[in-house]
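Numbering (our numbering), first residue to last: 340 to 1531.
Idealized CB from N, CA, C, for every residue including glycine.
Everything numeric in this text was worked out from a predicted model, so none of it was measured.
Please read the structure below before turning to the comments.
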């Protein structure tokens, strides 16, 4: 084999061969895809040229438009309501929630303020008098909170929720009861006399000390007031509620207290009570019948002996109930205390919020820092305050993150060569992306998309990383091919630089942006409003960033081109470059004798190929320029040096791309080192060794197996502690609550559309099915179910028993019912009702003078002429039949009587009837016949059964409970009862029933759309996935090394820029941002980096497809065409002059030259590609294995 002479310089008069002599690749009949791409690249070329011609105008108008959109941020609304963030609009839960609010109003019946006490030493028993004493200290401090607003003082007794205040006709007694009636406070202190200290009400009677719950014995008080007022009805009410002696009959937690009443069981013994024994069955409020607080509501971390007796607990909980803003407004509307302040519902809400904030502050400061116990306080207002405060944009973090990216962009894009340096372009690009992000968020605000913590904490940094990728790609591509270099198509003038840049790289930017926007839009399919809003905002922000990069940033590059043309310094553009007078030879050297240079093994270079598509032709022609930039490196273990304009959509910064003849300036050795140098000389030779490949495959196989196993362990769910800022008092409370008190109040709501009176059996069955669910906390065995239907039926049975007793004893006779009891008289009035609007009372069998007389007195009604039919009706008709059902004709009239006569039972049932039954006052001494008529309640459209769910720790537990509740409601629907469950578990966990299905659907649609778009614009699926590998020539190892050398730097820089954007997320106070955004995206970025730079090169070196283009070195401009290949394959041939109708598309092609290897050179294993032939070299024949891929 003959050695060729050494490489010599080209003369100054060297000109490239004309385009008409360029070789051609016929791409078969794939006309439509290439024509589409050619047309699209032509549009990009025109766009770039237009922007360059009017760069100043484009820059000004672009900044003006984006600045105007950024002003929309002033209209941004940050949503912190968890209900609005989590419940999908139009979903089943949303419709049910809307129905509830339509019937009951926007507010709940009450709001809860909670205190949780735990020991500082984990696991310590808290059931001791000392620990209860500290709990009393904190609760008492919280109960004494007062706030001054609107010139009034507001304490707990004024704003607390009071359950079932009775209506008393005696004005003095009514006012006293209103002041004394206790607030609803669920606390373990109610097992002791000290629970009375939390009740702040008091009343005054002449000759007595102030009456408070700490010294109030209701039985003794009624005896003292008996001679002065008729309180028989009130006495019966207290007896039914089983009030007894209230708090003064309970043991004292500290019997040495001077105010411990003598009636306390341990007053005389002075022995401390057994706390565990007293709390073992729960506690009661002032009413033993209707106010029973179960153990699970008061104690956490309980431990029992084998017999089930309570031994120890690790946490205590007290709950203070306050009125809702609407209730507080209605309560004081028209009151003398608020008549002078223009009382409104907004003022009521302000009062409650101020009290709640003060409640949390004082409760947490109640115990000294060295106490053995710690208090966690919580209110809904402070939670909203915390979410709102931490959902605001952190100016310090945003500025810090963007300054970090500015420094990275500036330092990375600075060059030793002043003409190549782009530090100012990097700074301007990052600032432009920042403006685009602000304008995108402003557009979201103008469109009415509410912001949330994910928007303010994540999106600014995520969008920055996405936008900067494309900025670096365009900047690198713009400076890579300078006018006059052999890599540049000679017909591209200085005025077309921007058009040529967009023509080559615009497709990549468009594909990247389309994929990103599509990904975010597909994520909007997930039925969670917070995630949907974030996805839509991200799609809009990415779209704005894309517009800024494609329209405004080219104008910045064009201005920088003028700076370089004027030989000005980078960044400090007012000063001339010190290297402006220095000349560096950058043209390739001429081959003196037309032979292949010696000393070059497997040299490659990247050239620009132009695809021409004629409308009348059935073929597409790709033209390869004949020149190649050949540089002999002194030592090259892989024998390749790639100079490519960067065809990867992940390109940020490419390598310098040129090794110049150092005639005048010689760079420092450290300046020549870069990531491409590392990939070529160190990384690729090590990675592509046989044993290294085996290790990589084994490790990634193990990683794949581990990942698949981990995928089976993935659980749905987002803990409430994740959406509350870490380190706050609310986060500490929620953590303790989740650990010790996993109880949730829920309700089974029955709607309208069916007859309650005739569906009682179905309602009882529904309650039974719901009660049998695993997660439902059963009531104590000694207590009846806490539902309005049970309370209503039991009350009717109670007054029926009183009537039967009065009838048997003769206190109620055919002549009179006034001697009977209050309950017996009520039963009498109900028994004579007919349920007929025309004839409400059964007078048909009554004596003369009774027909139709609405004003006949009761004495006349039961006069001597009474017929036997009425006593027969009274004694045979029952208010509740043997099956436990209420007669349908009496159902709604009995409901009116029960609601008016048993307020404590109604309040305990939490029925929340809509429409509310009418008020009706019973007076057995009223002798008018009008008092006998009971107005029936309207047909019910809303009622509810309360339940408690327990043991719900994981999302699977919630999903199981929700599915069981939905199944129970579905069965009831078959019986004609319309019902649905309501409560926080159904608001925040219902979405998980179909979350995985929505997620998989979104991912599948996204993958299909991305593949189709890439395959359409990039000609074929292989090219869409392996463009860098397919367009190089040589063995698989060599081509994998070349692809790795070409992509190592941009992929690494892309990962670094992404990680820089994610770095700011690590400082978020929200665990869900750190865990699900920072950690997840960081791991994905690192895994993608490893797959792209380690696994993929190894797989390509083993299983990669053959190359699609091969070009052998030629000297003569004339191209000799070999015979056409068989089977209609592609051919090389001379091309006549191209018609004017041809469209031009730039294509990145890697052209390889294969001279014989030098002695001692790095020798690759034999490949299946055709060997190099000197004859082919000298003749300049060209061959190809496939179509020339079109890349941008």
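First through last residue of the alpha helix (DSSP H) which encompasses residue i
i            : result
residue 406  : 394–409
residue 1051 : 1029–1051
residue 491  : Not the alpha helix (DSSP H): residue 491 falls in the beta strand (DSSP E), residues 491–494.
residue 843  : 836–862
residue 1100 : 1099–1110
Rounded separation between residue i and residue j - CA only
i            : j            : result
residue 839  : residue 1050 : 46 angstroms
residue 642  : residue 783  : 53 angstroms
residue 1149 : residue 1160 : 11 angstroms
residue 1419 : residue 1425 : 10 angstroms
residue 593  : residue 611  : 6 angstroms
residue 1321 : residue 1313 : 20 angstroms
residue 845  : residue 1351 : 18 angstroms
residue 1157 : residue 1168 : 12 angstroms
residue 1338 : residue 1397 : 24 angstroms
residue 1305 : residue 469  : 45 angstroms
residue 1181 : residue 1218 : 15 angstroms
residue 1022 : residue 900  : 35 angstroms
residue 607  : residue 646  : 31 angstroms
residue 1111 : residue 1286 : 11 angstroms
residue 1162 : residue 1283 : 26 angstroms
residue 499  : residue 672  : 16 angstroms
residue 1134 : residue 616  : 32 angstroms
residue 747  : residue 804  : 12 angstroms
residue 1151 : residue 1140 : 13 angstroms
Continuous beta strand (DSSP E) stretch holding residue i: start and end
i            : result
residue 1285 : 1281–1288
residue 1088 : 1083–1090
residue 1320 : 1318–1322
residue 454  : 449–458
residue 662  : 654–662
residue 486  : 485–488
residue 1305 : Where residue 1305 is concerned, there is no enclosing beta strand (DSSP E), although the alpha helix (DSSP H) it sits in stretches over 1294–1313.
residue 1078 : Taken as a continuous stretch (DSSP letters only), residue 1078 belongs to no beta strand (DSSP E), being part of the alpha helix (DSSP H) at 1068–1079.
residue 649  : 649–651
Neighbourhood of residue i by C-beta, 6 angstroms cutoff - its chain only, sequence neighbours within 5 removed
i            : result
residue 795  : 730 and 732
residue 1228 : 1174
residue 634  : 621
residue 1327 : 425
residue 657  : 454, 478 and 526
residue 699  : 716, 718 and 721
residue 1276 : 1231, 1234, 1235 and 1256
Contact set for residue i: own chain, Cβ-Cβ below 8 angstroms, skip 5 residues either direction
i            : result
residue 443  : 1251, 1253 and 1281
residue 1026 : 1032, 1035, 1383, 1433, 1436 and 1437
residue 1291 : 1081, 1083, 1114, 1297, 1300 and 1324
residue 494  : 483, 484, 485 and 539
residue 1093 : 1315, 1316 and 1317
residue 727  : 417 and 419
residue 696  : 718, 720, 721 and 724
residue 974  : The predicted model places residue 974 with a pLDDT of 42, which falls under 50 and marks its position as unreliable, so this point remains unresolved.
Contacting residues, own chain, Cβ-Cβ under 7 angstroms from residue i (five flanking each side not counted)
i            : result
residue 1108 : 1307 and 1310
residue 1532 : A query on residue 1532 cannot be resolved here, the shown segment of the chain reaching from 340 to 1531 and no further.
residue 664  : 446, 684, 687, 688 and 691
Any non-hydrogen atom of the ligand HEM within 7 angstroms of residue i CB
i           : result
residue 538 : Of the ligands one can find in the structure shown there are none, so the ligand HEM has no counterpart to examine.
Segments of 4+ residues assigned as alpha helix (DSSP H) that fall wholly inside the region 669–747 = If we require 4 residues or more, the alpha helix (DSSP H) runs fully inside the region 669–747 come out as 684–703 and 719–730.
Unbroken alpha helix (DSSP H) runs of length 4 or more, entirely within the region 769–796: which are they?
-> Segments of the alpha helix (DSSP H) lying fully in the region 769–796: 792–796.
Which ranges does the alpha helix (DSSP H) cover as unbroken runs of at least 4 residues, wholly within the region 596–634, from first to last along the chain?
-> Look at the region 596–634 and you find these whole runs of alpha helix (DSSP H), each 4 residues long or longer: 614–618.
The region 373–392 in contact with the region 863–880 per 3-pair CB rule at 8 angstroms = Short answer: they don't touch.
Evaluate the contact criterion for the region 801–819 versus the region 429–442: three or more CB pairs, one atom per stretch, below 8 angstroms.
-> Segments in contact, no.
Could you tell me whether the region 1241–1250 touches the region 1051–1063, using the rule of 3 or more Cβ pairs below 8 angstroms?
-> The region 1241–1250 vs the region 1051–1063: no contact.
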